[in-house]
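Heads up: the sequence shown is residues 8 to 609, going by this note's numbering.
Where a beta carbon is used, it is the ideal one built from N, C-alpha and C, also for glycine.
Source: prediction; values computed, not measured.
Read through the structure below, which is laid out as structure tokens, and then see the notes.
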Amino acid sequence: MTTSDITSELHQGSMERPYTGRPVIYATQGIISSGHYLTSMAGMRMLLSGGNAFDAVVAAGFAAAVVEPVASYSLACEGVFMLYHASSGDLLALSGQGTAPARATVDFYRSQGLDSIPTGPGPQAHLSFTVPGIVDAFVSLLQRYGTKTLGEVLAPSINYADHGIPNYEHMINALKSPSTREQFDQYPPGGTPVFYPNGALPQPGSLLVQKSLAGTLKIMADAEMAAPGHRQDGLRAGRDAFYRGEIAHTIVEGAQRMGGILELDDLAGYRAKFDEPVRTTFAGFEVCGEPTWTQASVLLQSLNILERFDLKAMGHNSPAYIHTVVEAIKLAFADRQAYYGDPDFSSIPIEGLLSKEYAAGRSSLIDPDHAYPELPPPGDPRNKAPKLVGARPDASVPAGGSEDAGHAAQEGTTHLAVIDREGNMVCATPSGGSFGSSVFLPELGCTLSTRIEMFNFDEGHPNVLVPGKRPRTTLVNYLVLKDGVPTMTFGCPGGDYQAQANLQLMLNTLVFGMDPQQAIEAPRFGTDSVTNSFYPHVYYPGQLSMEAGFPSATIEALSLMGHKMVPAQVCGMGATVTRRNAETGVLSTGADPRRASYAIGW
């Protein structure tokens, strides 16, 4: 593909992204932004009825499992959180990431003739189920910081599932994917009777009713109602219905019927975990994210590298700016591949990875005129050395050509963020269970997560498969402080683009002074020069994906630097930036027009 071909395909007659007219949402009592207006309304109902940000994010999270199933998110999946509790001062990460089942060992998969953990489309998706984590994370939030009962936060989602929601364009576009029908057909009846009435693609505005999912949600609410004692007793009872009771049996029986390896003890033993976040500083702000059981530190490492450059002088989305940001991300990705994993199972050199001295050395490797042609070698963070002598780029996966990239819209994952009048902040990124890669259990009303696919089988590697371990997930979000006061959250779904998109949102805000809506709508880019976290783990050395909205001169200049330019429909979608003015208490947020995202304030 020539540069002119790329430019034509990227812009298709228009050199700019269309102006959406979406306003910044300002409020004083509470704000919420999510991947869908009905999801946002579920959370807003909690705020309007006296609940706090934690009640709202849980209600919205449960609702998203009903409203946004095409976002590869279901009730039996996982999520990650960043939170600030104003009255206690707690600033924490929360892991609702599912873990590997007890039977999930490297030896087991090798005995099946596998060198990695497969998902769909295809008949082996049942081997990739992770222990569901999101429900325990939601209940843990309510137990520690919320005020509502489980029944109260479940009420909107039960109503949506039981009485139906209107099918909407983004949902229908996702249902057009051949991989969705193919995967439903692999494990019949799958979701075909639910999502394709009479076998046909639904029309916008037609009702999507999910009776089985409503029944699953009601089991938890009913268990709470039947529990004697106080609110905490009811929350435990609702949680136990999912992890020890009727729902757990439904999950395990469904998985084992297909040959899966989930067992009741896997669910009964699962616990979400509150963690101290990892941190760095940039441009007078402190940026906090989840530890290395996620890829959150990719953004932090990139910021440390980029603070050595005058990004503002380069100009927003100029060739020099894009090139510098991309090369910094590549260096951080190289370290992700070598060093990131669940810190409960491996010794992670996080102090070295996030040290300013190490970042200074890594920044010196960036050539201002030439792109590194593949994934660079990792550094040596333990000795704060920019290069690890003798290391090679990740060559374990065959490199694909740009024609194989398949940059269709990424429906996977959703994001939601809430700030309330007290200054409580919480953002959540739930995901897992894509229709095209997982298995839909009709009796449960949703899919199971397949994120165990992110492990590797490399002995001694921090992300090697071990039972009970969290895979190094792509899910991330961030909380930012100014002068020690939490002021902003950032989140954007998009697989390996997540840390990259969040980095651009953050730079748009902290360097270029954009408001939340401007930061969200600005066109984005993403490097594919790293082994993809998802099966089959493709790798496109030197490839740079670009959304529409970049001038042809920018595309041409980057191509001349050695970047292999390809068009992308999106580089992350469903982004959210939320802010609180520490002096006035005024709240603000935006919503991403790349999908059905919506923000509400009062």
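message: Short of 7 angstroms in beta carbon distance, which residues of its chain neighbour ASP465, apart from the five on each side in sequence? Order them along the chain.
response: VAL471
task: Out of GLY129, GLN550, LEU101, point me to the one whose CA is closest to PRO380's CA.
output: The option with the nearest alpha carbon to PRO380 is GLN550.
field: N- and C-terminal bounds of the alpha helix (DSSP H) containing GLY296
entry: If you look at GLY296, you'll find it isn't in any alpha helix (DSSP H); it sits in the beta strand (DSSP E) that goes 292–296.
field: CA-to-CA distance, TYR44 to PRO63, given in whole angstroms
entry: In the sequence as presented, Pro is not what sits at residue 63; that position holds Ala. So the alpha carbons of these two residues sit roughly 14 angstroms apart.
message: Quick check: what's the CA-CA separation for GLU293 versus PHE69?
response: 31 angstroms
- prompt: Got a sec? Which residues, its chain only, sit under 6 angstroms from ARG601 by beta carbon, not counting five neighbours each side?
  reply: VAL577, MET580
message: Please report the distance separating the alpha-carbon of LEU242 from that of SER370.
response: Approximately 49 angstroms, taken between the alpha carbons.
task: Check the DSSP bridge columns for LYS489 and list the partner residues they point to.
output: PHE292, VAL492
Secondary structure of PHE61, DSSP reduced to three states: helix
- prompt: alpha helix (DSSP H) containing ILE373: first to last residue?
  reply: Looking at the DSSP string, ILE373 is not in any alpha helix (DSSP H), and its letter there is neither H nor E.
query: Is the beta carbon of VAL483 sitting closer than 8 angstroms to the one on ASN509?
result: yes
- request: Give me the Cβ distance between THR126 and SER135, rounded to the nearest whole Å; I'm assuming they're in contact under 8 angstroms.
  value: Right, their Cβ atoms sit about 5 angstroms apart.
task: For LYS476, name the three-state secondary structure that DSSP assigns.
output: coil
field: Supposed close pair SER604, SER40 - CB separation, criterion 8 angstroms
entry: 7 angstroms
field: Simplified DSSP state of THR596, which is helix, strand or coil
entry: Correct three-state label for THR596: strand.
message: Rounding to the nearest angstrom, what Cα-Cα distance links PRO163 and ALA49 in this structure?
response: Approximately 6 angstroms between the Cα atoms of the pair.
Beta-carbon contacts of GLY211 that lie in its chain and below 8 angstroms, excluding the five residues immediately before and after: Reading off the sequence shown, one finds Pro at residue 211, where the question assumed Gly. Excluding sequence neighbours, PRO211 sits near PRO173, ASN174, TYR175, GLU176, ILE179.
- prompt: Measuring CB to CB, does GLY452 end up less than 8 angstroms from SER79?
  reply: no
field: Runs of alpha helix (DSSP H) wholly within the segment 26–109 (minimum 4 residues, chain order)
entry: 44–55, 60–74
field: Contacting residues, own chain, Cβ-Cβ under 7 angstroms from PHE340 (five flanking each side not counted)
entry: These residues qualify, in order along the chain: VAL305, LEU382, VAL537.
- prompt: Considering TYR605, what are the terminal residues of the alpha helix (DSSP H) in which it resides?
  reply: Counting along the chain, TYR605 falls outside any alpha helix (DSSP H), though it belongs to the beta strand (DSSP E) covering 605–608.
query: Can you tell me where the alpha helix (DSSP H) with ARG238 in it begins and where it stops?
result: 238–250
task: For the alpha helix (DSSP H) containing SER186, list its first residue and its last residue.
output: 185–193
task: Quickly, what does DSSP pair GLN550 with across the bridge? List them, please.
output: GLN550 is bridged by DSSP to LYS571.
- prompt: Hey, is the segment 151–159 in contact with the segment 224–236, meaning 3+ C-beta pairs nearer than 8 angstroms?
  reply: yes
Neighbour flag for ARG479 against chain B, beta carbons, 8 angstroms: As a matter of chain content, chain B is missing from the structure shown, which is built from one protein chain.
task: Could you please give the first and the last residue of the uninterrupted beta strand (DSSP E) stretch that includes GLY533?
output: 532–534
query: Residues bridged to ASN180 by DSSP?
result: Paired residue(s): none; ASN180 is not in a bridge.
task: Throw me the rounded Cβ distance for the TYR152 and PHE61 pair, which I believe falls under 8 angstroms.
output: Taking 8 angstroms as the upper bound for CB-CB distance, TYR152 and PHE61 are in contact here, some 4 angstroms apart.
task: For my contact list, ASN431 and TYR91 are in at a C-beta cut-off of 8 angstroms; report their separation, rounded to the angstrom.
output: The C-beta distance from ASN431 to TYR91 rounds to 7 angstroms, short enough to fall under 8 angstroms.
- prompt: Identify the residues that DSSP records as bridge partners of CYS453: which are they?
  reply: DSSP output for CYS453 lists LEU448 as bridge partner(s).
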